[in-house]
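Enquirer:
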Amino acid sequence: MDVIIDFISLVLKLAVPLTLAALAGTLSERSGVINIGLEGTMLMGAFFAAVGAGLSGNPWVGVLFALLIGVMMGLLHAFFCLTLHGHQVVIGVAVNLFATGITPLLTRLVWNREGASDTLPSIAAVSVPLLKDIPVIGKLFTNQPPFVFITLFIFIVLFIFMKRTKYGLRLRMIGDHPTGAQTQGINVKKYKYFAVMVSGSIAALGGAYLSIAHSNVFVLNMVAGRGFMGMAANIFGGWTIGGSALASLFFAAVQSTRYYLIGSPIPDQFVLMIPYVATLIILTAFSRNSRSPEGLGKI
Amino acid sequence: MEYAIEMRGITKRFGAVTANDNIDFLVKPQEIHCLLGENGSGKTTLMNILFGIYTMDEGQIKVNGQPVHIRSPRDASRLGIGMVHQHFMLFNQNTVLENIILGDERVPFFLDYEKSRKEVQSLLDRYEFHIDLDEKICNLSVGMKQRVEILKVLYRGAEIIIFDEPTSVLTPQESDILLGMIQNLREQGKTVVFISHKLGETMTIGDSMTVLRKGAAVANVLREETSVHDLARHMVGKEVETSLEREEVEPGECVFELADVPIWEHRKSCNLRVHEYEILGIAGVDGNGQMELEESIIGLRDHRQGHQYLLGEEITHEPTLLRKLKGMAHIPSDRHKYGILPNETLCRNYLLGNQEREEFKSHGLIRTQRLDRFSEEMIEKYNVYTSGIEQTSGSLSGGNQQKLVLSRELSQSPKFILAAQPTVGLDIGAIEFVHRTLLQKREEGCAILLISADLSEVMALSDRIAVMYEGEIVAVGDSSEFTRDELGLMMAGHLGGAS
Amino acid sequence: MSIKKFFRRFSFDSLASSLISLLLSFVIGGLLIWAIGTNPFQAYYLIGVGAVGTMKNLANTLASSIPLIFAGLAVAVSSKAGLLNLGVEGQLYMGAMAATLCGLYLPATNRFILLIAIMIASMLGGMLWALIPGVLKAKFGTHEVIVAIMLNYVAELFTTYLIIVPFREHGSTVNQTAEIPKAARLSKLFPRTQLTTAFILAVIVAIIVWFLLRRTTLGFKISAVGGNRDAARAGGINPTAYVIIAMLISGAIASFAGTTEVVGKYFRFRENFSPGFGFTGLAVAVLARNNPFGVIATSILFGGLSTGCLYMSRITGISGHMSNVIQSIIILLVSAPRLFEIIKGSRKRT
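Residue numbers (the working numbering), protein chains in the order written: chain A, 1 to 299; chain B, 1001 to 1499; chain C, 2001 to 2350.
Set out below in structure tokens:
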């Protein structure tokens, strides 16, 4: 039993950044904006969370920093895609390149070191009162990073927002047919800006998790494709909030096998390859069934 | 006298083109006012200004006597103006109810489907509409989709409703129902602006008419004061020549045959034969399988059943390229989709479809000099208005793009021409040119299959006519055998002609 | 084609807007440098010295433009077919690995034949890796962007495995293969620089790409598919086939970005030797608007930027990654078509 609970615990920890990236991807793409810049946005989130935590000594200040930079990165992406009509994939690549360029530059500036930050104060794990006392599954609520609960909370909010509110309904419809929404007097651009900016802050939060919760140091390129994997999970999940979250959990479960293979005769590189290959296989096997927003990538 | 809509001195320019030139447009309350004009005469631009999609360069607008500034569809909506668009602005994956309430949900944050449903239902009752509010849009017929569009406008409490060419996508019978609904709206106190280029329906329904020609208002008349002939003269500026000159020629051998090909799955298979010296016209309302027929003949769809023959040879499974090399020409219904490479030069557009011909290719290289010479000849012969063969085809006007496609497709002395909607979106001069070219090719001995949603065009050009309805050929015969009414009924699925 | 016609085809407007974008990017980059406490004029001066200050620096600038030219051409060819090849990074690793193994294990009797074999192996490696996203897209409709990116990671890890386990140099503390024999190395154009004949190869490949796209029916079919897929189909061109062919060509060219680094610079396969040439190649292609000669010019610019930034970083406290930042700003500004309409529009109004 404990083995299973440990497994679930591990999956949840791995799922946090993926889920946040996938939810960010869904939000952005449902509004019709392709956002492969999420990878870079996560990196920026990880870095600025480190800066905030490092400077103030309080990791929650880092979270705040991450949210802010996420909104700014979203704004940047939205401005170049929506107002200046750039090619959305190209802009995404530029955002990623910018993040991989600016973070080492600033790392050197802030910590006067190459490659990584100093050790940072990180967010301590928490136990949920009452729930932690439940036999067996209580362990799931013991010593968990608060990010697990934050992610759950964001998921629930987004789920209700998309399904049950008028703004969610509008956003979904905008992604399918922006001109149609425009003729209904909806300010399409405003919604897209909103979606991309919120998407950015959620992705950055995922990055913050990596530097100040999952570990206690910012390392160059520490996002390592999780943003892209989140995008893949979003596609696999059929561009829905629920689907994205489930797909992320699935991806995380596959990734977790990696921890059980440490010390096995399989070479490290192949173990490290698992998440990428798994993403490839899953996407290939299931992409026929999913339907992308009809207005994706159009302005 | 207070007008419901009073637009005065409206001018709108797009670059060098003046789409609306000092137009006065006046609509009285509770009338059906028709706005008439050919494609490109500025009707849609004028209405888009009224609806807040475009901003005008000059002029002023009053609604119910009050001067207004309409900056967005939202403003228009607030003033009680609603628009039923020609191209439906509907969301295929959402339900009828969601489509109706979108943008006017009447809740602060959380949706309340029950309350919305009650409100919409009361509208349904009042105007006697019948529609399932929980059906997804993608499962509805065209007529039903249009009803959703009207409901959207009514739901927003519009008092002035603009219909943009509403009958262009409907069968004659569906059109009649729609016209009835529109009259009902007027009786309930609404003011209606009805945009059209069809004279018949205008005279049936309109209380008064404004006619636009080349961006200017050329007439503003009451129905009692005018006639179909008068309106036609205003619209085109000269007496319309109603008939094209066509030589009588005897059809020859069968050139193209379609045998037992199911155009729509689970429907009866289609059979067609087109002969030398003959135009076979396919009449039908848009969306009844014309697109599929076109794609099937050109080789873009592979059917498991049936056979196709060109000049006696079976071509059922031959790819597009071989069909073209064997003498098939294709004037596509959607030239932007199937006809041109918008970012390439005219030369390279002339190469499209001819890229494997010896004339333009040697050892894998393009014979540029020949291609340039050929392009220049074609531009000259078909009078394509362009700055030169290095211009991109995307920057040509619609009529010139069609001339480009026409000259390219007809240049390789085809035996069989598939001409699909060859005059859609063209001005009168270009339409005449296309018609004359097709007739000339017929006299030279080509077999021509003409697919057109414009019944008049089919009747004017064809030797024989086939009627298409829901993916099936429901009737074939000499064009003299059918009257216009009979064809209209068959296009609407009423078999056997007269009722 | 006559000179006159060449100039008619050539759009000065797009050249002008590219140049303005560049200038603007340098201004923004300068502001950034200033914001982190360095004098931007001094920084740019140092970048300039590092890039073209001496013959040796200039030669190294040209040398560092070589992989960028190949990567840029690879992206340009794929975008002509309407697909963005984001998998250049993986393709260049796979190609370079195939080439390295050829260099290590084929007999070095005839230098010419050996080099040809290396080039062919390289192309095959790159083509294989480029084929995967193309085929998955065609057969299963898989999202090609994500697939290509995942394949980049797989290629990087796979080649790392190869140089750590089966092909590791004996007794080396670094993860790398043994050196390839002299016969398998390209000759230097300038002594004591890294500029090799690979630069000439890059220019030749650019000319071939230009010729392919402008003058051959194959190139016409590729650009027809990229320009309007449906019209190409109706014109008798099979879009899937030509997208895959374009991807193969792109992969072959991409592989040279890695292979020329191996046979011209390191003489062995080193772990993670590419600092993201693939994505820089995208930037190059975007700035050059997919014009092969534009790719050469842009690559030299970017090459100069990176050698210059490296030089600057040794003197000031700014990291050499500054070149990535400036490059990303360049992509942003160049790929935003509306920017110049807005600039022009505001000029009209005032």
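In this text, a Cβ means the ideal position worked out from N, Cα and C, and glycines have one as well.
With the cut-off set at 8 Å, would you say Gly207(A) and Ala24(A) are in Cβ contact?
Expert: Translated into the one-based positions of the first sequence, residue 207(A) becomes position 207. Translated into the one-based positions of the first sequence, residue 24(A) becomes position 24. Contact: no.
Enquirer: Between the beta-carbon of Tyr2242(C) and the beta-carbon of Val2225(C), is there less than 8 Å?
Expert: By one-based count along the third sequence, residue 2242(C) stands at place 242. By one-based count along the third sequence, residue 2225(C) stands at place 225. Closer than 8 Å, so yes.
Enquirer: Any idea what DSSP makes of Asn58(A), helix, strand or coil?
Expert: Residue mapping note: residue 58(A) aligns to position 58 of the first sequence, counting from 1. Asn58(A): coil per DSSP, three-state reduction.
Enquirer: State buried or exposed for Gln1060(B), treating a residue as buried only when at least 16 other CB atoms are found within 10 Å of its CB.
Expert: Here the question's residue 1060(B) lines up with position 60 in the second sequence. Classification for Gln1060(B): exposed.
Enquirer: In three-state terms, what does DSSP make of Gln1066(B)?
Expert: As a first step, residue 1066(B) must be located in the second sequence, where it is residue number 66. Correct three-state label for Gln1066(B): strand.
Enquirer: At which residue ranges does the segment 1298–1350 of chain B contain complete alpha helix (DSSP H) runs of 4 or more residues, listed in the order of the chain?
Expert: Runs found: 1320–1325.
Enquirer: Is the CB of Arg113(A) under 8 Å away from at least one CB in chain C?
Expert: The residue labelled residue 113(A) in the question sits at position 113 within the first sequence. Taking Cβ atoms only, chain C never reaches closer than 8 Å to Arg113(A), which makes this a no.
Enquirer: Between Asn1094(B) and chain A, is the shortest Cβ-Cβ distance under 8 Å, so that the two count as touching?
Expert: Residue numbering aside, residue 1094(B) sits at position 94 when the second sequence is read from its first letter. So, interface residue.
Enquirer: Mind checking if Leu1111(B) is an interface residue toward chain A, Cβ cutoff 8 Å exclusive?
Expert: Walking along the second sequence from the start, residue 1111(B) turns up at place 111. Taking Cβ atoms only, chain A reaches closer than 8 Å to Leu1111(B), which makes this a yes.
Enquirer: Can you give the beta carbon distance from Arg164(A) to Phe1091(B), rounded, assuming they're within the 8 Å contact cut?
Expert: Sequence index remark: in the first sequence, residue 164(A) carries index 164 (1-based). Sequence index remark: in the second sequence, residue 1091(B) carries index 91 (1-based). Between Phe1091(B) and Arg164(A) the Cβ distance is about 18 Å, and since that is not below 8 Å, they are no contact.
Enquirer: Against chain B, does Gln269(A) count as a neighbour if the rule is that its beta carbon must be under 8 Å from one of theirs?
Expert: Sequence index remark: in the first sequence, residue 269(A) carries index 269 (1-based). Gln269(A) does not count as touching chain B.
Enquirer: Chain A partners of Phe1091(B), CB-CB under 7 Å?
Expert: Within the second sequence, numbered from 1, the residue matching residue 1091(B) stands at position 91. Within chain A, the residues near Phe1091(B) are Met173, Asp176, His177, Gly180.
Enquirer: Flag this pair as touching only if the segment 2041–2048 of chain C and the segment 2215–2230 of chain C have three or more C-beta atom pairs under 8 Å; answer yes or no.
Expert: Contact between the segment 2041–2048 of chain C and the segment 2215–2230 of chain C is absent, because fewer than three Cβ pairs lie under 8 Å.
Enquirer: Note down the Cα distance separating Ile1058(B) from Leu1346(B), rounded to an integer number of angstroms.
Expert: For the purposes of this step, residue 1058(B) is taken as residue 58 along the second sequence, with counting starting at 1. For the purposes of this step, residue 1346(B) is taken as residue 346 along the second sequence, with counting starting at 1. Reading off the sequence shown, one finds Glu at residue 1058(B), where the question assumed Ile. When rounded, the distance between both Cα atoms is 37 Å.
Enquirer: Within the 8 Å Cβ cut-off, does His1069(B) reach chain A?
Expert: Working through the second sequence from its first residue, we reach residue 1069(B) at position 69. Chain A, which has no Cβ nearer than 8 Å to the Cβ of His1069(B), makes this no.
Enquirer: Taking 8 Å as the CB-CB cut-off, is Met2247(C) touching chain A?
Expert: Counted from its first residue, the third sequence places residue 2247(C) at position 247. No, no contact with chain A.
Enquirer: Do we get a CB-CB distance below 8 Å when we pair Val2286(C) with the residues of chain A?
Expert: Residue numbering aside, residue 2286(C) sits at position 286 when the third sequence is read from its first letter. Taking Cβ atoms only, chain A reaches closer than 8 Å to Val2286(C), which makes this a yes.
Enquirer: Would the segment 89–98 of chain A count as touching the segment 25–42 of chain A if we require 3 or more Cβ pairs under 8 Å?
Expert: Segments in contact, yes.
Enquirer: Taking all protein chains shown into account, do 16 or more other C-beta atoms lie within 10 angstroms of the C-beta of Glu1239(B), making it buried, or fewer, making it exposed?
Expert: Stepping through the second sequence from its first residue, residue 1239(B) is reached at position 239. At Glu1239(B), the pLDDT of 45 sits below 50, so the modelled position is not reliable; the number obtained from the coordinates is stated separately. With fewer than 16 other Cβ atoms within 10 Å, it is exposed.
Enquirer: Assess contact between the segment 1372–1387 of chain B and the segment 1402–1419 of chain B, defined as three or more Cβ pairs (one per stretch) separated by less than 8 Å. Is contact present?
Expert: Yes, since at least three Cβ pairs between the segment 1372–1387 of chain B and the segment 1402–1419 of chain B fall closer than 8 Å, the two stretches touch.
Enquirer: Is the Cβ of Gln88(A) closer than 8 Å to any Cβ of chain B?
Expert: On the first sequence, residue 88(A) is found 88 positions in, with the first residue counted as 1. Chain B, which has no Cβ nearer than 8 Å to the Cβ of Gln88(A), makes this no.
Enquirer: Applying a beta-carbon distance threshold of less than 8 Å, which residues of chain C neighbour Pro1108(B)?
Expert: On the second sequence, residue 1108(B) is found 108 positions in, with the first residue counted as 1. Residues of chain C passing the Cβ test: none, with the nearest at roughly 35 Å.
Enquirer: Tell me the rounded alpha-carbon separation between Ile2249(C) and Ala2096(C).
Expert: In the third sequence, residue 2249(C) corresponds to position 249, counting from 1. In the third sequence, residue 2096(C) corresponds to position 96, counting from 1. Cα to Cα, the separation comes out at about 16 Å.
Enquirer: Assuming Gly1037(B) and Arg1213(B) are in contact, meaning their beta carbons sit under 8 Å apart, how far apart are those beta carbons, in whole angstroms?
Expert: To locate residue 1037(B), count along the second sequence from 1; it is residue 37. To locate residue 1213(B), count along the second sequence from 1; it is residue 213. Sure, about 6 Å apart at Cβ, within 8 Å.
Enquirer: Under a three-way DSSP split, which group does Met42(A) fall into?
Expert: The count along the first sequence starts at 1 and reaches residue 42(A) at position 42. Met42(A): helix per DSSP, three-state reduction.
Enquirer: Could you give the DSSP three-state label for Asp2230(C): helix, strand or coil?
Expert: Walking along the third sequence from the start, residue 2230(C) turns up at place 230. Of the three classes helix, strand and coil, the one that applies to Asp2230(C) here is helix, per DSSP.
Enquirer: Give me the Cα-Cα distance between Gln2327(C) and Pro104(A), rounded to the nearest whole angstrom.
Expert: For the purposes of this step, residue 2327(C) is taken as residue 327 along the third sequence, with counting starting at 1. For the purposes of this step, residue 104(A) is taken as residue 104 along the first sequence, with counting starting at 1. Each residue's alpha carbon lies about 15 Å from the other.
Enquirer: Since Val2147(C) is in the alpha helix (DSSP H), which residue starts that stretch and which ends it?
Expert: Walking along the third sequence from the start, residue 2147(C) turns up at place 147. That run of the alpha helix (DSSP H) goes 2144–2164.
Enquirer: Based on Cα-Cα distance, which residue from Gly2125(C), Cys2309(C), Ala2206(C) lies nearest to Ala2394(C)?
Expert: Since the first residue shown for chain C is 2001 and the last is 2350, residue 2394(C) is missing from the structure and cannot be characterised.
Enquirer: Can you list, in chain order, the residues of its chain whose CB lies under 7 Å from that of Ser1208(B), leaving out five sequence neighbours each side?
Expert: Locating residue 1208(B) in the second sequence gives position 208, where the first residue counts as 1. So the qualifying residues of the chain are Glu1031, His1033, Val1221, Leu1222, Arg1223.
Enquirer: What does DSSP give as the partner residues of Ser1362(B) in its beta bridges?
Expert: For the purposes of this step, residue 1362(B) is taken as the residue at position 362 of the second sequence. Looking at the DSSP assignment, Ser1362(B) forms a beta bridge with Leu1365(B).
Enquirer: Between which two residues does the beta strand (DSSP E) holding Ile1160(B) run?
Expert: For the purposes of this step, residue 1160(B) is identified with residue 160 of the second sequence, where counting begins at 1. Taken as a continuous stretch (DSSP letters only), the beta strand (DSSP E) holding Ile1160(B) covers 1160–1164.
Enquirer: Which of the three DSSP states, helix, strand or coil, is assigned to Lys1145(B)?
Expert: Position 145 of the second sequence holds residue 1145(B). Reduced to three states, the DSSP call for Lys1145(B) is helix.
Enquirer: Out of curiosity, what's the CA-to-CA distance linking Glu1344(B) and Gly2235(C)?
Expert: Translated into positions along the second sequence, residue 1344(B) becomes position 344. Translated into positions along the third sequence, residue 2235(C) becomes position 235. Each residue's alpha carbon lies about 14 Å from the other.
Enquirer: Whose C-alpha, out of Val2147(C), Leu2073(C), Lys2056(C), is nearest the C-alpha of Phe2293(C)?
Expert: Numbered from 1 along the third sequence, position 293 holds the residue referred to as residue 2293(C). Among Val2147(C), Leu2073(C), Lys2056(C), the Cα nearest to that of Phe2293(C) belongs to Leu2073(C).
Enquirer: Around the Cβ of Gly1015(B), are there at least 16 other Cβ atoms within 10 angstroms (buried) or fewer (exposed)?
Expert: Working through the second sequence from its first residue, we reach residue 1015(B) at position 15. With fewer than 16 Cβ atoms within 10 Å of its Cβ, Gly1015(B) is classed as exposed.
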